[in-house]
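Report on the following structure.
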Amino acid sequence: MSLNYLIQPLTIADQPFLWEMLFEAAHLRDEGETSIQAAMHHPLLARYVEGWGREGDLGFVAIASGTNQKVGAVWVRLWPGTEKGFAYVSDDVPELAIAVLPDYCNQGIGTQLIAHLLEAAKPIYPAISLSVRAHNPALRLYERMGFRAIAGSEVRNRAGGISLTMKLAL
1 MSLNYLIQPL TIADQPFLWE MLFEAAHLRD EGETSIQAAM HHPLLARYVE
51 GWGREGDLGF VAIASGTNQK VGAVWVRLWP GTEKGFAYVS DDVPELAIAV
101 LPDYCNQGIG TQLIAHLLEA AKPIYPAISL SVRAHNPALR LYERMGFRAI
151 AGSEVRNRAG GISLTMKLAL
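In UniProt numbering, the protein residues as written are 1 to 170.
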């Protein structure tokens, strides 16, 4: 059954939900964490949400129709100067983060969120990058959306597995 939902631009008021989405995107639950505080207190992760709404931030939230429950989000953030994310490519290429609440996965929400983001990003950015764990099923979604792995980008992630950087030219 397909969920009816609306996709709207993220605002500064959505920052609390972004923390929840960062918790999911970083697979902290899979690592035994039980609270979004784990994302908020992890310096390499927290920078993906801290100060949301700064120049270059762009994103969307999916909201279940009739309930107004936020169920997923996608966002990009630029990493200027010495501040670099896990999938840093260059100062003018933002890094994508995405998550959908577990109960709403596999319903096409992630696909629609990314499609909205890419459409909005095309006139602004030359490309978008992301970091993904090699065993993450979302890798196939990213490939369907046109992202390609950057050769030689494989790195050992904090969970001990392999992550790679993917990029989509806009």
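Built from N, CA and C at the ideal position, the CB exists for glycine as well.
As the structure is a prediction and not an experimental result, all values here were calculated from the model.
Through-space distance from residue j to residue i, alpha-carbon basis
i	j	result
T165	L130	6 Å
M40	F17	12 Å
R54	N4	30 Å
V61	V71	8 Å
S65	L96	25 Å
L10	V155	30 Å
W52	A151	31 Å
C105	A149	23 Å
Q69	I63	5 Å
A134	A25	14 Å
G160	D103	27 Å
A99	S153	22 Å
S90	H42	23 Å
L101	T67	15 Å
P123	E33	38 Å
Given residue i as reference, the closest of the options once Cα atoms are compared
i	options	result
G56	W75, I63 and N68	W75
I128	E154, S35, T67 and A115	A115
F147	P123, L168 and S153	L168
N157	L44, P102 and A99	L44
P94	H135, L6, G81 and G160	G81
D14	P102, I98, A73 and Q107	A73
Exposure label - residue i; buried when at least 16 CB within 10 Å
i	result
L28	buried
residue 174	Because the chain spans 1 through 170 in this model, residue 174 falls outside it and cannot be assessed.
E119	exposed
L22	buried
L117	buried
L113	buried
Cut-off 7 Å between Cβ atoms - residues of its own chain near residue i, not counting five sequence neighbours on either side
i	result
Y132	The residue asked about is misnamed: residue 132 is Val in this sequence, not Tyr. So the qualifying residues of the chain are A138, L139, Y142, S163, L164 and M166.
W19	I36, A39, M40 and V49
A121	L58, V76, I128 and L170
Proximal residues to residue i (C-beta, below 6 Å), its chain only, five neighbours per side dropped
i	result
W79	G85 and Y88
Neighbourhood of residue i by C-beta distance below 8 Å, restricted to the same chain and skipping five residues each side
i	result
D92	L78, Y125 and P126
residue 259	Nothing can be reported for residue 259: it is not among the residues displayed for the chain, which extend from 1 to 170.
Chain C within 7 Å of residue i, Cβ atoms only
i	result
L164	The structure shown contains no chain C, having only a single protein chain.
Residue ranges of each alpha helix (DSSP H) within the stretch 69-132, 4 or longer: 109-121
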